[in-house]
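Chains as they are written, first to last, in numbering that gives the first Met the number 0: chain A, 0 to 241; chain B, 0 to 241.
In this text, a Cβ means the ideal position worked out from N, Cα and C, and glycines have one as well.
Every value quoted in this text rests on a predicted model; they were computed, and no experiment measured them.
There are 2 protein chains.
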Amino acid sequence: MTQNIYDTPEFFDGYSRMARSVHGLDAAPEWPALQAMLPDVRGSRVVDLGCGFGWFCRWAQTQGAAEVVGMDVSQNMLDRARATTPSPQVAYVHADLERLHLPWGRFELAYSSLALHYVEHLADVFAMIHRTLVPGGRFVFSAEHPIYTAPAQPGFVQDATGQRVWPLNQYSLEGPRTTDWLAKGVIKRHRTLATYLNLLIQAGFTIRQVEEWAPSAEQLAAQPALAEEQDRPMMVLVSASR
Amino acid sequence: MTQNIYDTPEFFDGYSRMARSVHGLDAAPEWPALQAMLPDVRGSRVVDLGCGFGWFCRWAQTQGAAEVVGMDVSQNMLDRARATTPSPQVAYVHADLERLHLPWGRFELAYSSLALHYVEHLADVFAMIHRTLVPGGRFVFSAEHPIYTAPAQPGFVQDATGQRVWPLNQYSLEGPRTTDWLAKGVIKRHRTLATYLNLLIQAGFTIRQVEEWAPSAEQLAAQPALAEEQDRPMMVLVSASR
């Protein structure tokens, strides 16, 4: 079962203040790359797994999606999503991804942003997503990159020559990683990038594109602090089709 | 054009003494994983791109391949491959992968071991390999993992707590990496794992399996020094189909 850290008061409070929580998709530096991997959603039925405050659901609706269903394990986030979404085409459902059973062949697009690295039984979740897509349907997601989740001490350090390096270790040792991020004891499920891809393939998906997100030249010019994202990817973005 | 470091005397001398050069596939710890990704080669036509001393070519022949063509840029290695291969089903050809044009629809299996990270124009090489495979043909290769090729200083260090860490940086900065391995000035072409996969997809391949090689429990018990391979993968293994 996925830990619901989002409803821990200190986590929710901290998360609510993040730029991407306040300002939405345009404050997420990976959004342009992720958006470029999406199909045209006009007339499509879309499910967002781990919808948070509903920013993507509202975006999909404005792009002409026929129906959007946002799902999240956090009641606090769903409450705010509902309060800020006036559209009747968007529905929000409380659900734990690992206990969810969606109808077969129900959606043209499944989307998930930065949620799957919390999922313990990913093979089951991928199989469920595959079933709920129509043939030819697309699954586009982001997750924390395995390079980011792997280390025992996940923070940049300086090497002997003063260079910034990411202290990678235990990359192939898959399993829980407990970190203190916004709250103590946040449990992520580390798995290799190969495992993400092989589980998708085993679920029946065809891999269409993989991006290990790094800032564009324009983003770097506007936000020089993003340079460290060139040293090690924090996020992986994947597009797959049923 | 790919650097032919193999015919530099000091490199060839050092390389010739490596366990995998002396003892062949069984001395390559990734071989069991790579072998498990191969199709049955009985009756198949097989091309090995970067065949070195011909160990894989001879193995494929003993497995019943109808025809095996080994290609390499190193004359020294080809000379030894020819001298140690008695089988008329195996032919060796001197070729630079980046200038090679193979006949269309000519092989059931293309194989390449630890050669592609030297290739500068990988998109062209993948397109050439796709063309020379029959429909349904397979392409199985290993390459140095981008985590391994990325760093400015590619060697393990100890962090402040004494833990072994791999000092990853400049992961997303693709391009040449000059290292001193067996000889000075060995030029590898660093690219991200996403780029390897996207170039395959763009060439028309379907990704079937990806492995970021790490030792098995049995290998670790027999060779405890392999534990560092769990901290960061040195090799990526990929199976794709036309």
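Check your understanding: Using a Cβ-Cβ distance under 8 Å, would Glu211(A) count as near chain B?
Key -> At least one chain B Cβ lies under 8 Å of Glu211(A).
Review point. Does Leu167(B) get closer than 8 Å to chain A when you measure Cβ to Cβ?
Key: Yes, Leu167(B) counts as interfacial toward chain A.
Exercise for review: Taking only beta-carbon positions, decide if Ser255(B) is within less than 8 Å of chain A.
Suggested key: Past the edges of chain B, shown from 0 to 241, lies residue 255(B), and the structure says nothing about it.
Point to revise | For Tyr110(B): DSSP bridge partner residues | key: In the DSSP output, where bridge partners are listed per residue, Tyr110(B) has Asp47(B), Val139(B).
**Study point:** Minimum Cβ-Cβ distance from Ala220(B) to chain A less than 8 Å
**Key:** Taking CB atoms only, Ala220(B) has no neighbour in chain A less than 8 Å away.
Exercise for review: Return yes when the Cβ of Gly53(A) is within less than 8 Å of the Cβ of Tyr91(A), no when it is not.
Suggested key: Cβ distance < 8 Å, so Tyr91(A) and Gly53(A) count as in contact.
Review point. So His144(B) packs on Glu211(B), CB below 8 Å; how close in whole Å?
Key: Contact flag correct, Cβ pair sits at about 6 Å.
Check your understanding: Roughly how many whole angstroms lie between the Cα atoms of His89(A) and Asp71(A)?
Key -> A small correction: the amino acid at residue 89(A) is Val; His does not occupy that position in the sequence shown. The straight-line gap from Cα to Cα measures roughly 14 Å.
Exercise for review: Identify whether Ala182(B) lies in helix, strand or coil by the three-state DSSP scheme.
Suggested key: Three-state DSSP puts Ala182(B) in a strand.
Point to revise | C-alpha gap between Arg44(B) and Tyr110(B), whole angstroms | key: Take the alpha-carbon of Arg44(B) and the one of Tyr110(B): they are about 11 Å apart.
Review point. Where does Ser73(B) sit, in a helix, a strand or coil, going by DSSP?
Key: Ser73(B): coil per DSSP, three-state reduction.
Point to revise | Close-in-space but distant-in-sequence residues of the same chain around Val124(A) (CB under 6 Å, 5 per side omitted) | key: Excluding its 5 nearest sequence neighbours in each direction, Val124(A) has C-beta neighbours in its own chain below 6 Å: Leu96, Val118, listed in chain order.
Check your understanding: Checking contacts by CB at 8 Å: is Gln74(B) closer than that to chain A?
Key -> Taking Cβ atoms only, chain A never reaches closer than 8 Å to Gln74(B), which makes this a no.
Practice item. Using a Cβ cut-off of 8 Å, pull out every chain A residue sitting near Ile146(B), in sequence order please. Key: Neighbours of Ile146(B) across chain A, judged by C-beta separation under 8 Å: Ile146, Leu167, Tyr170.
Exercise for review: Let me know the secondary structure DSSP gives Tyr91(A) once reduced to three states.
Suggested key: In the structure shown, Tyr91(A) falls within a strand segment according to DSSP collapsed to helix, strand and coil.
**Study point:** chain A contact residues for Leu198(B), given Cβ-Cβ distances below 9 Å
**Key:** Within chain A, no residue has its CB atom less than 9 Å from the CB of Leu198(B), the nearest being about 11 Å off.
Practice item. Report yes or no: do the stretch 222-234 of chain A and the stretch 164-177 of chain A share at least 3 C-beta pairs separated by less than 8 Å? Key: Output reads yes: the stretch 164-177 of chain A touches the stretch 222-234 of chain A.
Check your understanding: Going by other Cβ atoms of all chains shown within 10 Å of its Cβ, with 16 needed for buried, is Val46(B) buried or exposed?
Key -> Taking every protein chain shown into account, the CB of Val46(B) has 16 or more other CB atoms within 10 angstroms, so this residue is buried.
Exercise for review: Tell me the start and end of each unbroken beta strand (DSSP E) in the stretch 117-175 of chain A that is at least 3 residues and wholly inside, in chain order.
Suggested key: If we require 3 residues or more, the beta strand (DSSP E) runs fully inside the stretch 117-175 of chain A come out as 132-143, 163-167.
Review point. Are Ser141(A) and Leu113(A) touching if we call contact CB-CB under 8 Å?
Key: The answer is yes: Cβ separation under 8 Å.
Practice item. List the residues of chain A that Gln34(B) touches, going by C-beta distances under 9 Å, in chain order. Key: Under the 9 Å cutoff, chain A gives no residues; its nearest Cβ is about 17 Å from Gln34(B).
Exercise for review: Would you kindly work out how many angstroms separate the C-alpha atoms of Phe251(A) and Ala64(B), rounded to a whole number?
Suggested key: Outside the modelled stretch of chain A, which goes from 0 to 241, sits residue 251(A), for which no answer is possible.
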